[in-house]
Every structure is written in C-alpha cells, then in structure tokens.
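Remarks on the structure that follows.
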Ligand SMILES: Cc1cc2nc3c(=O)[nH]c(=O)nc-3n(C[C@H](O)[C@H](O)[C@H](O)COP(=O)(O)OP(=O)(O)OC[C@H]3O[C@@H](n4cnc5c(N)ncnc54)[C@H](O)[C@@H]3O)c2cc1C
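Residue numbers (this note's numbering): 279 to 747.
If you want it as structure tokens, here you go:
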C-alpha cells in the first residue's frame with residue numbers, strides 16, 4: 279500500500295513537493311477556500327504596513343498566482359553564516375528546481391549571466407559589486423497548473439484549524455474546516471506548506487498540546503525584504519542595453535544587481551531606465567497592480583503618471599531598449615532575522631498578526647548603503663536620493679524564518695531535514711523554513727528545498743524519531 283502524505287497548502291512549496299511525490303505516494307493537498315474571505319484580509323499588520331497588496335496569496339498555486347517569478351539563488355556567504363548546512367548541499371536541487379519554475383535550463387542562464395557580468399564590468403560596474411543573477415521568465419507560472427496537479431493528487435478544500443495527535447510523538451492528521459463543516463484528514467506524514475505566515479499560526483496551535491521545546495520558537499526570526507526605489511542616477515555607460523538582458527533561446531530576461539555590504543547586511547540595487555528624472559521626493563510603480571488586475575482600466579490610465587513603467591514594459595515584453603543615461607535604483611535589502619515573536623496566530627484562529635518593523639539604526643545602515651553604491655558607481659555628482667525613500671519601503675512578500683531550520687531545537691523549529699523537532703512525522707515545506715536569504719527572493723530556494731524534502735521523505739519513509747534535545 280502507498281504511504282499517505284498530507285500537504286497543508288497548495289502554494290509554491292506545497293505544489294513543488296506534491297509534484298515530486300504524487301507518482302509514488304498517495305498525496306492529499308489541503309488548500310483553504312475563500313469562504314472566510316481572502317487570506318490577505320486576515321493578515322493584520324500590527325507593525326509597519328506591507329504596502330504591497332496582496333502580499334500573500336491563497337487558492338490553488340498560493341502566492342504564485344501573484345508573484346513575478348524572479349528566480350535567484352541565495353548567496354553562499356549567507357549559508358555559511360546562518361544555515362545549518364552549506365550551499366553545496368542545495369546546488370543540485372537549485373539546478374533541478376530552476377527549469378521546473380521557468381521552463382529554461384539552469385546552465386543556459388548561468389552562461390548568459392557570465393556574458394552579462396563581463397559586459398557590465400566592461401561598462402565600468404565594479405566587479406566586486408556584481409551579485410547573483412535574477413532571471414524573470416516572460417510568463418509567470420502558477421505552480422498548481424504548471425504541474426497539472428488536479429489529476430494527480432486528492433484535493434480537499436478548506437482551512438486546517440488544528441491537529442489530530444497520535445499516542446506517540448506524532449501527528450495522526452489534521453482538522454479541516456469549510457464553512458460550518460469540519461472533517462478529519464489523516465496521513466502517515468504531514469507536511470505544513472501554509473507559507474511563512476500560515477505555518478507558524480498552525481504550529482502555535484500545536485504548541486498548545488505538544489511539549490516540544492522547539493515549538494516555543496515558532497513565529498520568531500521573521501524576515502522579509504524591504505524594497506523600494508531610492509534614488510536616481512546619471513550614467514554615461516549604456517546600461518540601458520544591459521539592465522534587462524535577453525537570454526538567447528530562452529523566453530525571459532536576466533538582471534544582475536549590484537550588492538553593497540553594510541553593517542553585516544547585503545543590500546542589492548537594480549538599475550531601471552528613467553523616463554522622468556528630476557528632484558522627485560519619491561517614486562513607485564504600478565506594474566504589480568497591472569499584472570494582477572489586467573482588466574482594470576484604471577491601472578492603464580495610471581501608467582500615464584508612471585512613464586518609467588512603460589519603458590519597463592517595452593523592454594520586458596518587446597525587447598525595446600530606450601536609450602537613456604538616467605536610471606532609478608531599486609533597492610532590495612536584507613533584514614536580519616528578528617528574534618522577538620513577530621508572527622502570531624490570533625486566538626480566534628481566523629487571523630494572523632505580522633509585526634514587521636524597521637528600526638532607526640537599520641534605516642541608517644540602508645542610507646549608508648545608498649550613499650556607498652552611488653559613490654562606487656561613480657555618479658555622486660548627478661545622483662538624487664529620494665527624500666521619502668525610507669517611508670515608502672514596501673514588503674517584498676518574502677515571508678520567511680518563522681519555523682526556521684537550525685541545528686538546535688532551542689534556536690529553531692525544524693531540524694536540517696525540515697522536520698519539526700520533537701514530532702516524528704511532521705515536516706515544513708515553505709518560506710518559514712528559510713533561516714536567512716540575504717538579498718535574494720526566496721521562491722527558487724523554497725522550490726529547491728521542496729525537492730530536497732521529497733528525496734528525504736522517499737528515503738526515510740516520512741517518519742523518524744526526532745528528539746527536541
Ligand atoms: C506581488 C508578489 C510578487 C512576488 N514576486 C516574487 C518573485 O519575483 N520571486 C520570488 O522568489 N518570490 C516572489 N514573491 C514571493 C513568493 O511568491 C513567495 O515567497 C512564495 O510563493 C511563498 O511560497 P510558500 O510555499 O511559502 O507559500 P504560499 O505560496 O503563499 O502558499 C501557502 C498556501 O497555504 C495556504 N494556507 C495557508 N494557511 C492555510 C490553512 N490553515 N489551511 C489550508 N491552507 C492554508 C494558502 O492559502 C496558500 O495557498 C512574490 C510575492 C508577491 C505577493
């Protein structure tokens with residue numbers, strides 16, 4: 279008889295895992311319905327507002343219904359500093375995950391990225407600043423549809439609200455609520471893939487009845503990437519030809535950010551050609567809204583006041599490079615994991631609170647990084663830093679760390695195999711696992727971790743004694 283795997287959440291991590299397991303195991307995926315309203319409306323920002331809306335997804339595909347699909351690896355230095363294993367452990371899974379999320383071979387993007395790196399150096403960008411490549415497929419992929427999971431797994435619609443415990447140190451199944459109906463779904467192995475905000479809320483529920491000391495860490499070590507346009511610069515080199523580099527034979531574009539190290543943080547900056555240039559106090563973009571609501575005429579009208587977005591669309595969609603010497607800088611900043619309890623499921627079980635804060639000292643570090651990048655790019659005389667940049671930083675919706683892997687159950691929630699410490703058959707497969715990500719978007723890493731977990735489950739059978747001390 280096939281082993282029964284229950285996956286909570288049909289988002290990026292959950293679908294990647296289901297895709298790997300569906301041929302060998304009996305897989306059930308549980309995805310919350312919209313019966314209680316959209317998930318985004320049930321996340322209460324009690325700290326700084328996310329601004330990005332939606333910053334969390336629900337339904338089949340989870341947040342991949344809204345994402346931009348930018349794929350990038352986490353830097354090896356971040357693995358050395360914060361992960362329970364080295365990057366070399368994840369590289370084969372990065373290589374396998376990449377084509378699944380993009381339709382493009384990893385090697386072809388790697389070689390294109392070397393070509394782009396050389397061109398940037400020839401055009402005066404300091405070599406030591408050039409970061410890891412970020413690849414955007416031309417069309418974004420919703421992972422549920424991409425992997426044709428409808429016919430390959432059993433789908434249960436509803437919201438997981440609690441756990442069914444077994445007689446030993448394991449979980450027998452979960453309780454799923456849909457409207458007023460509650461059903462029990464049982465399995466041999468349970469994997470939480472409810473996202474960086476959903477998974478901690480569920481584990482906090484488990485902590486009420488399970489003694490594992492690791493469960494006390496749930497909801498701590500939260501991180502996201504503050505992001506926003508921070509400055510405008512003038513550059514003579516023809517960066518407009520390179521900022522959004524077409525990969526030959528692949529439907530997609532490559533970007534290489536420049537990265538500044540400041541106070542132990544990695545702060546990345548991307549160029550974007552600027553149609554408007556001047557002493558603006560702030561700058562934003564309507565591209566996310568346009569992608570997520572393509573039938574809303576208002577968003578097209580808003581493009582007239584966001585001419586830089588038009589250049590972006592012309593470049594990304596049609597390969598038209600607008601000759602210019604003016605660029606805006608988009609900053610994507612690392613945030614150190616916050617050891618206080620930042621993500622908490624609220625007692626009615628219907629909402630999650632997220633306390634996202636950017637302390638003053640952190641903003642000072644970012645300000646120094648902005649000044650440093652402008653200086654290193656040699657455009658200090660022409661640069662204009664937006665006066666409102668700090669107030670306008672947004673969430674990148676990379677909710678991570680809230681059930682992080684760690685070698686110790688006293689400082690993390692999961693062991694290096696993504697298994698919850700102290701619980702024999704409970705695993706995590708989403709952003710909440712990631713201990714730190716530097717400046718990298720987390721999607722490719724979530725997918726790579728799902729592939730790694732699939733191999734582990736097949737090897738160990740999905741149930742292992744796993745002490746919390
Ligand atoms: C606008 C936008 C752009 C983005 N762009 C990028 C990008 O370019 N590159 C990148 O790497 N990342 C990007 N991201 C982030 C990326 O989409 C997420 O990091 C990723 O999808 C998270 O995957 P996950 O598996 O952790 O969670 P999710 O994909 O969010 O999946 C979690 C799923 O669990 C379900 N769930 C939650 N609680 C329960 C429950 N109690 N019961 C049942 N189901 C539940 C949710 O409904 C959801 O479907 C972007 C996000 C947004 C919003």
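Every residue, glycine too, gets a C-beta built ideally from N, C-alpha and C. Remember, predicted model here, so these are calculated numbers, not experimental data.
Quiz item: Taking the runs of the alpha helix (DSSP H) that are 4 residues or longer, which of them lie wholly in the segment 334-413?
Solution: 354-360, 365-380, 384-400
Quiz item: Where does residue 293 sit, in a helix, a strand or coil, going by DSSP?
Solution: helix
Self-check item: Nearest candidate by alpha-carbon position, reference residue 361, set 630, 712, 415
Solution: Comparing Cα positions, the closest option is 712.
Quiz item: Nearest CA to the CA of residue 511: which residue from 505, 547, 534?
Solution: 547
Quiz item: Nearest to residue 460 by CA position, among 445, 438, 477, 479, is which residue?
Solution: 438
Practice problem: Might you give, ordered along the chain, the residues of its own chain that have their beta carbon closer than 8 angstroms to the beta carbon of residue 320, omitting 5 neighbours on each side? | Solution: 314, 628, 629, 630
Self-check item: Same chain, Cβ closer than 7 angstroms to residue 599, five either side skipped, listed in chain order
Solution: 518, 519, 593
Quiz prompt | Distance, residue 410 Cα to residue 698 Cα | solution = Here the alpha carbons of residue 410 and residue 698 stand approximately 31 angstroms from one another.
Quiz item: Would you say the beta carbon of residue 330 comes nearer than 7 angstroms to a heavy atom of ligand 1?
Solution: Ligand 1 approaches residue 330 closely enough that one of its heavy atoms is under 7 angstroms from the residue's Cβ.
Quiz item: Buried or exposed: where does residue 677 fall if 16 or more other Cβ atoms within 10 Å of its Cβ makes it buried?
Solution: buried
Quiz item: Can you check whether the CB of residue 366 is closer than 8 angstroms to the CB of residue 507?
Solution: no
Quiz item: If we call anything under 8 angstroms between Cβ atoms a contact, is residue 333 one with residue 318?
Solution: yes
Practice problem: Sort 743, 733, 744, 745 by Cα distance to residue 295 and report the nearest one. | Solution: Residue 295 has its Cα closest to that of 733, out of 743, 733, 744, 745.
Quiz item: What three-state label does DSSP hand residue 738 in the structure shown?
Solution: helix
Exercise. May I ask you to check if the CB of residue 734 is nearer than 7 angstroms to at least one heavy atom of ligand 1?
Key: no
Quiz item: By Cβ distance below 6 angstroms, which residues in the same chain neighbour residue 680 in space, the five residues on each side in sequence not counted?
Solution: Same-chain partners within the cutoff: 474, 478, 497, 500, 621, 710.
Quiz item: Short check: CB of residue 284 to CB of residue 403, under 8 angstroms?
Solution: Taking 8 angstroms as the cut-off, the Cβ atoms of residue 284 and residue 403 do not count as close.
Quiz item: Between which two residues does the alpha helix (DSSP H) containing residue 650 stretch?
Solution: 638-654
Exercise. Please work out which residues of its chain come closer than 6 angstroms, Cβ to Cβ, to residue 544, disregarding the five sequence neighbours upstream and downstream, and give them in chain order.
Key: 537, 612, 716, 717
Quiz item: What number of angstroms, rounded off, separates the C-alpha of residue 237 from the C-alpha of residue 299?
Solution: Because the chain spans 279 through 747 in this model, residue 237 falls outside it and cannot be assessed.
Quiz item: So the beta strand (DSSP E) residue 576 belongs to, where does it begin and stop?
Solution: For residue 576, no beta strand (DSSP E) segment is defined; the enclosing uninterrupted segment is the alpha helix (DSSP H) at 575-580.
Practice problem: Return helix, strand or coil for residue 588, following the three-state DSSP convention. | Solution: helix
Practice problem: Would you check whether ligand 1 has a heavy atom nearer than 7 angstroms to the C-beta of residue 474? | Solution: Yes, Cβ of residue 474 sits closer than 7 angstroms to a heavy atom of ligand 1.
Exercise. Give the DSSP-derived three-state secondary structure of residue 718 in the structure shown.
Key: coil
Exercise. Spell out the partners DSSP gives residue 605 in its beta bridges.
Key: According to DSSP, which records beta bridges pairwise, residue 605 is partnered with 511, 551.
Quiz item: Given residue 540, which residues of its chain have a CB within under 6 angstroms of its CB, disregarding the five upstream and five downstream residues?
Solution: 643, 646, 647
Quiz item: Between residue 312 and residue 338, what straight-line distance do the alpha-carbon atoms span, to the nearest angstrom?
Solution: 11 angstroms
Quiz item: Is the beta carbon of residue 568 sitting closer than 8 angstroms to the one on residue 577?
Solution: Residue 577 sits close to residue 568, with the two beta carbons spaced by under 8 angstroms.
Practice problem: Would you tell me roughly how many angstroms separate the C-alpha atoms of residue 306 and residue 684, rounded to the nearest one? | Solution: 28 angstroms
Practice problem: From the DSSP output, read off the bridge partner residues of residue 442. | Solution: 451
Quiz prompt | residue 530 versus residue 524: straight-line alpha-carbon distance, rounded | solution = 6 angstroms
Quiz item: So residue 634 and residue 326 are in contact, right, with Cβ under 8 angstroms, and what is the actual spacing, rounded?
Solution: Contact holds; Cβ gap of about 5 angstroms.
Quiz item: What residue does the alpha helix (DSSP H) around residue 421 start on, and which one ends it?
Solution: 421-424
Practice problem: Count the other C-beta atoms from every protein chain shown that fall within 10 angstroms of the C-beta of residue 572, then say buried if there are 16 or more, exposed otherwise. | Solution: exposed
Self-check item: Short CB-CB distance (under 8 angstroms) between residue 593 and chain D
Solution: Among the chains of the structure shown, chain D does not appear; only one protein chain is present.
Practice problem: Please report how far the alpha carbon of residue 652 lies from the alpha carbon of residue 351, in whole angstroms. | Solution: Here the C-alpha atom of residue 652 lies approximately 25 angstroms from the C-alpha atom of residue 351.
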